[in-house]
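*Asks:* My structure is below; once you've seen it, I'll send some questions.
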Amino acid sequence: MDIDWWKDAVIYQIYPRSFFDHSGDGMGDLQGIIDKLDYLSSLGVDALWISPFYPSPAFDGGYDVSEYCDIDPVFGTMADFDQLLEESHSRGLKVIIDLVPNHTSWSHAWFKEALGDSPGSRARSRYVFRYSQNPPNNWGSMFGGSAWSRVQELTGKAEDRDWWYLHLFSSQQPDLNWGNPDVQEFFLDILGFWLDKGVDGFRVDVAHGLIKNPAFPDDKLGLERWEYADANGPYSNQPYYDQDRVHEIYRSWRHLCNRYNPPRMMVGEVWVRPRERASAYARPDEMHQVFNFDFLHCPFDYRLLRQIITESLRVDGAVGAPSTWVLANHDQLRARTRLGYPAGAMLERGIGAGDPQPDWEIGLLRARAALLLMLALPGSAYIFQGEELGLPDFTMMDDAARRDPTWERTNHQVRGRDSSRVPLPWSTGRPNYGFSDAKPWLPQPSDWDDLTVENQEKDADSTLCLYRESLRLRKEWQLGSGSLTWDNAPTRVLAFHNGQLHCWVNTSILPVNLPPGSQVILSSTGHPESPDAVNCSVGNSATSGSSPVLEPNVTMWFTRVDK
Ligand code: NOJ
2 MDIDWWKDAV IYQIYPRSFF DHSGDGMGDL QGIIDKLDYL SSLGVDALWI
52 SPFYPSPAFD GGYDVSEYCD IDPVFGTMAD FDQLLEESHS RGLKVIIDLV
102 PNHTSWSHAW FKEALGDSPG SRARSRYVFR YSQNPPNNWG SMFGGSAWSR
152 VQELTGKAED RDWWYLHLFS SQQPDLNWGN PDVQEFFLDI LGFWLDKGVD
202 GFRVDVAHGL IKNPAFPDDK LGLERWEYAD ANGPYSNQPY YDQDRVHEIY
252 RSWRHLCNRY NPPRMMVGEV WVRPRERASA YARPDEMHQV FNFDFLHCPF
302 DYRLLRQIIT ESLRVDGAVG APSTWVLANH DQLRARTRLG YPAGAMLERG
352 IGAGDPQPDW EIGLLRARAA LLLMLALPGS AYIFQGEELG LPDFTMMDDA
402 ARRDPTWERT NHQVRGRDSS RVPLPWSTGR PNYGFSDAKP WLPQPSDWDD
452 LTVENQEKDA DSTLCLYRES LRLRKEWQLG SGSLTWDNAP TRVLAFHNGQ
502 LHCWVNTSIL PVNLPPGSQV ILSSTGHPES PDAVNCSVGN SATSGSSPVL
552 EPNVTMWFTR VDK
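So the sequence shown is numbered by this note's numbering: it starts at 2 and just counts up by one.
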């Protein structure tokens, strides 16, 4: 039994409401995932991470949980989940579920009880209530506006007039008070419930946010977090993030995960700088790994990529954790979109129809090149559903269709994350690209016929084909468990080898030659641009006399024959 499977795994993220709709109500569901398990296993991934499917009023796409040990009827039943787990396992796929411990939904029984009870009660002490005439401090919600709402708005009670509750996200997501032992025990029970069912691990939401600075000081962002993000990117170390005591929580969870055979894993969503502080969440007695958001946000630039990869391996290695690599998720623009803009473009507010649009062709070229880079690196990699199709964001989505709470909470200043959450296109010529017989919960663009799974399966040069082939080769060459050595290369080419496999990424605007005697194994373009580059479906190529050409925005995997 491979108990360390997560160290070099490729994990596929499913955002269930947009994956595949089995029931025909316009919303993806658990049976829809089961229908597509063969597709997922043919892709060559090792594990699935499934975003929340728990009962929820879905003000934040299910990250507002009202019952932690159940299934929302829109997704199916617990029997469906059990079947999904069993059928995934029978195909050799592990299953990681999403755990949301920073906040509950405002519809959770605990929060309702808290509202019904009086200030100072045990029920209220499970959340973060504060007494003050004005908002207790200047903290802003991650989705815009204040992070505090008046309790009286919900209860209507006179005694609640100067009471506030904290919600780092939307007002429908009250923050839990992790200083309270009730909360700690409650979550150990929730973990135990799912572990007993046999899940292989957890993705821990907002893992850095559970403990707040007990003095509740003002922060340096106030309500202007978007202006900060425009200038500095998405990170900000704040008094509600990365407090030292948060680590105690993960130690107790690790202890529990280790009691199972094989031990179960945890991956943390940790938005923390500097990198050492993020890796601290992946120390041997805490979580097993954390997402590498520096890599996700890195422009297509050899120097920055090299710096981030080197740092990640060094810092994660120092705590004995594998580095992780990720290009996209349900909170970010898709790689094709992001990499279709010049470095430095301000993308934090999302993209709308009136904004400058990316160069989709360059975006796709680079997204494919970035995939081969990512998969050649040692460690584990995360793929977001639809990435394997080279999907763009739906940047032209009608604003009226948006569901992300950010859009309303920022008074239409920040579009948010809907553009990457569009339901997947499965087949060509079917209503809604075969995602559902009913109108999908979010609209799909009208020009995705070429991008469907059905279409790409017929096309050996497709992005889907490239994913399958590169995942197969990654396994064959054992790249995930290998190690990286940087190589010399022409300027603006990122060059390294992992075992016998060499990887060159051309981030310049000029073609370069691979070293003489190179034998190309795979090119991110998937079609020959020199006699030695190969079609992604073909596999190994023969060596010839001339050295292969590496075009701009292309990655090649090759071996070297010593002459
Ligand atoms: C991070 C999740 O990925 C995101 O989708 C969600 O809105 C927030 N955490 C709040 O739970």
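Quick reminder that beta carbons are idealized off the backbone N, C-alpha and C, glycines included.
Computed from a predicted model, the values in this text were never measured in an experiment.
Who are Ala-496's beta bridge partners in DSSP?
*Replies:* The count along the sequence shown starts at 1 and reaches residue 496 at position 495. Bridge partners of Ala-496: Trp-505.
*Asks:* Who are the near neighbours of Asn-554 in its chain, counting only those whose CB is closer than 8 Å to its CB and skipping five residues on each side?
*Replies:* The sequence position of residue 554 within the sequence shown is 553, counting from 1. For Asn-554, where only same-chain residues beyond five positions count, the Cβ hits under 8 Å are Phe-301, Ile-363, Leu-366, Arg-367, Ala-370, Asn-507, Thr-508.
*Asks:* Do you know offhand how far Ile-4's Cα is from Pro-264's?
*Replies:* Working through the sequence shown from its first residue, we reach residue 4 at position 3. Working through the sequence shown from its first residue, we reach residue 264 at position 263. Straight-line Cα distance between these residues: approximately 7 Å.
*Asks:* With a cut-off of 8 Å on the beta carbons, I'd call Gly-481 and Asp-9 a contact; round off their distance for me.
*Replies:* Here residue 481 refers to the residue found at position 480 when the sequence shown is read from its first residue. Here residue 9 refers to the residue found at position 8 when the sequence shown is read from its first residue. Contact holds; Cβ gap of about 3 Å.
*Asks:* Can you tell me where the alpha helix (DSSP H) with Ile-363 in it begins and where it stops?
*Replies:* For the purposes of this step, residue 363 is taken as the residue at position 362 of the sequence shown. Counting along the chain, the alpha helix (DSSP H) containing Ile-363 begins and ends at 361-377.
*Asks:* Buried or exposed for Asp-161, please, with buried defined as at least 16 other CB atoms from any protein chain shown within 10 angstroms of its CB.
*Replies:* As a working note, residue 161 is residue 160 in the sequence shown. Asp-161 should be labelled buried.
*Asks:* When the Cβ atoms of the region 104-113 are set against those of the region 143-152, are three or more pairs found closer than 8 Å?
*Replies:* As far as the Cβ criterion goes, the region 104-113 does not touch the region 143-152, which means the pair count is below three.
*Asks:* Comparing the CB of Val-75 with every heavy atom of the ligand NOJ, is any distance shorter than 7 Å?
*Replies:* Sequence index remark: in the sequence shown, residue 75 carries index 74 (1-based). It does not: the Cβ of Val-75 is nowhere closer than 7 Å to a heavy atom of the ligand NOJ.
*Asks:* Span of the beta strand (DSSP E) holding Tyr-229?
*Replies:* Walking along the sequence shown from the start, residue 229 turns up at place 228. Run containing Tyr-229: none in the beta strand (DSSP E); it sits in the alpha helix (DSSP H), 226-233.
*Asks:* Can you tell me the Cα-Cα spacing of Pro-359 and Ala-59, whole angstroms?
*Replies:* Numbered from its first residue, the sequence shown carries residue 359 at position 358. Numbered from its first residue, the sequence shown carries residue 59 at position 58. Distance between the alpha carbons of Pro-359 and Ala-59 is about 30 Å.
*Asks:* In whole angstroms, give me the CA-to-CA distance for Ala-279 and Leu-340.
*Replies:* For the purposes of this step, residue 279 is taken as the residue at position 278 of the sequence shown. For the purposes of this step, residue 340 is taken as the residue at position 339 of the sequence shown. Taking the straight line joining both Cα atoms gives about 25 Å.
*Asks:* Among Phe-188, Lys-221, Asp-219, which residue has its Cα nearest to the Cα of Val-1?
*Replies:* An answer regarding residue 1 cannot be provided, because it is not within the stretch 2 to 564 covered by the chain.
*Asks:* Taking the C-alpha atoms as reference points, what is the distance between Phe-130 and Thr-492?
*Replies:* Counting from 1 along the sequence shown, the entry for residue 130 is found at position 129. Counting from 1 along the sequence shown, the entry for residue 492 is found at position 491. Taking the straight line joining both Cα atoms gives about 56 Å.
*Asks:* Return yes when at least one heavy atom of the ligand NOJ lies under 7 Å from the C-beta of Gly-62, else no.
*Replies:* Here the question's residue 62 lines up with position 61 in the sequence shown. Yes; taking the cut-off as 7 Å, the Cβ of Gly-62 has a heavy atom of the ligand NOJ nearer than that.
*Asks:* Determine the DSSP secondary structure at Val-539, reduced to helix, strand or coil.
*Replies:* Within the sequence shown, residue 539 is the residue found at index 538, counting from 1. In this predicted model, Val-539 has a pLDDT of only 36, less than 50, meaning its place in the structure is not dependable enough to derive any value.
*Asks:* Once the 5 residues before and after Thr-560 are set aside, which same chain residues still bring their CB inside 7 Å of it?
*Replies:* Locating residue 560 in the sequence shown gives position 559, where the first residue counts as 1. Within the same chain, Thr-560 has close Cβ partners Gln-501, Leu-502, His-503, Gln-520, Ile-522.
*Asks:* Does the Cβ of Pro-270 lie closer than 7 Å to at least one heavy atom of the ligand NOJ?
*Replies:* As a position in the sequence shown, residue 270 is number 269, starting the count at 1. The sequence shown places Glu at residue 270, not Pro. Checking every heavy atom of the ligand NOJ against the Cβ of Glu-270, one is found closer than 7 Å.
*Asks:* I need the straight-line Cα distance from Lys-198 to Leu-495, nearest angstrom please.
*Replies:* By 1-based counting over the sequence shown, the position of residue 198 is 197. By 1-based counting over the sequence shown, the position of residue 495 is 494. When rounded, the distance between both Cα atoms is 44 Å.
*Asks:* For the region 233-291, list the alpha helix (DSSP H) runs that are entirely contained and at least 4 residues long, ordered along the chain.
*Replies:* The region 233-291 contains these whole alpha helix (DSSP H) runs: 247-259, 276-280.
*Asks:* Within the same chain, show all residues whose beta-carbon is closer than 6 Å to that of Trp-6, passing over the 5 residues directly before and after it, in chain order.
*Replies:* As a position in the sequence shown, residue 6 is number 5, starting the count at 1. Excluding residues within five positions, none has a Cβ falling inside 6 Å.
*Asks:* Report the option in Ser-447, Met-267, Val-415 whose CA atom is closest to the CA atom of Pro-285.
*Replies:* Sequence index remark: in the sequence shown, residue 285 carries index 284 (1-based). Pro-285 has its Cα closest to that of Met-267, out of Ser-447, Met-267, Val-415.
*Asks:* Can we count Phe-294 as close to the ligand NOJ, meaning its CB is less than 7 Å from some heavy atom?
*Replies:* As a first step, residue 294 is located in the sequence shown; it is residue number 293 there, counting from the start. Phe-294: no, Cβ never under 7 Å from the ligand NOJ.
*Asks:* Put Leu-167 into one of helix, strand or coil per three-state DSSP.
*Replies:* As a working mapping, residue 167 is identified with position 166 in the sequence shown. Three-state result, Leu-167: strand.
*Asks:* From Gly-380, Gln-333, Glu-552, pick the residue whose C-alpha is nearest to that of Val-513; which is it?
*Replies:* Locating residue 513 in the sequence shown gives position 512, where the first residue counts as 1. Of the candidates Gly-380, Gln-333, Glu-552, the one whose C-alpha sits nearest the C-alpha of Val-513 is Glu-552.
*Asks:* Report buried or exposed for Pro-393, applying the criterion of at least 16 other Cβ atoms within 10 angstroms of its Cβ.
*Replies:* For this step, residue 393 is matched to residue 392 along the sequence shown. So Pro-393 ends up on the buried side.
*Asks:* Where do the ends of the alpha helix (DSSP H) carrying Ser-89 lie?
*Replies:* Translated into positions along the sequence shown, residue 89 becomes position 88. Run containing Ser-89: 79-91, per the alpha helix (DSSP H) assignment.
*Asks:* Is it the case that the CB of His-331 approaches a heavy atom of the ligand NOJ more closely than 7 Å?
*Replies:* Position 330 of the sequence shown, counted from the start, is the residue given in the question as residue 331. His-331: yes, Cβ under 7 Å from the ligand NOJ.
*Asks:* For Ala-382, name the three-state secondary structure that DSSP assigns.
*Replies:* As a working mapping, residue 382 is identified with position 381 in the sequence shown. The answer is strand: DSSP assigns Ala-382 an E or B state.
*Asks:* Would Phe-395 be called buried (16 or more neighbouring beta carbons within 10 Å of its own) or exposed?
*Replies:* Locating residue 395 in the sequence shown gives position 394, where the first residue counts as 1. Buried.
*Asks:* Check whether the Cβ of Val-129 sits closer than 7 Å to any heavy atom of the ligand NOJ, and report yes or no.
*Replies:* Here residue 129 is taken as the residue at index 128 of the sequence shown, counted from 1. No.
*Asks:* Distance, Cα to Cα, Lys-348 vs Asn-233?
*Replies:* The sequence position of residue 348 within the sequence shown is 347, counting from 1. The sequence position of residue 233 within the sequence shown is 232, counting from 1. The displayed chain sequence assigns Leu, not Lys, to residue 348. Computed Cα separation, rounded: 11 Å.
*Asks:* Mind checking whether the beta-carbon of Ile-206 lies closer than 7 Å to any heavy atom of the ligand NOJ?
*Replies:* Position 205 of the sequence shown, counting from 1, holds the residue named residue 206. Note that residue 206 is Asp in the sequence shown, not Ile. Correct: Asp-206 has its Cβ closer than 7 Å to the ligand NOJ.
*Asks:* Does the beta-carbon of Phe-170, which I'm using as the reference point, lie nearer than 7 Å to any heavy atom of the ligand NOJ?
*Replies:* By 1-based counting over the sequence shown, the position of residue 170 is 169. Answer for Phe-170: yes, Cβ within range of the ligand NOJ.
*Asks:* Quick one: Cα of Ala-159 to Cα of Gln-153, how far?
*Replies:* Residue numbering aside, residue 159 sits at position 158 when the sequence shown is read from its first letter. Residue numbering aside, residue 153 sits at position 152 when the sequence shown is read from its first letter. For Ala-159 and Gln-153, the distance between alpha carbons rounds to 7 Å.
*Asks:* Provide the residue(s) that pair with Gly-202 in DSSP beta bridges, ordered along the chain.
*Replies:* Residue mapping note: residue 202 aligns to position 201 of the sequence shown, counting from 1. Answer by DSSP bridge pairing, in chain order: Ile-97, Met-266.
*Asks:* Can you tell me which residues form a DSSP beta bridge with Trp-558?
*Replies:* Start at 1 with the first residue of the sequence shown, and residue 558 comes out as number 557. Per DSSP, Cys-504, Leu-523.
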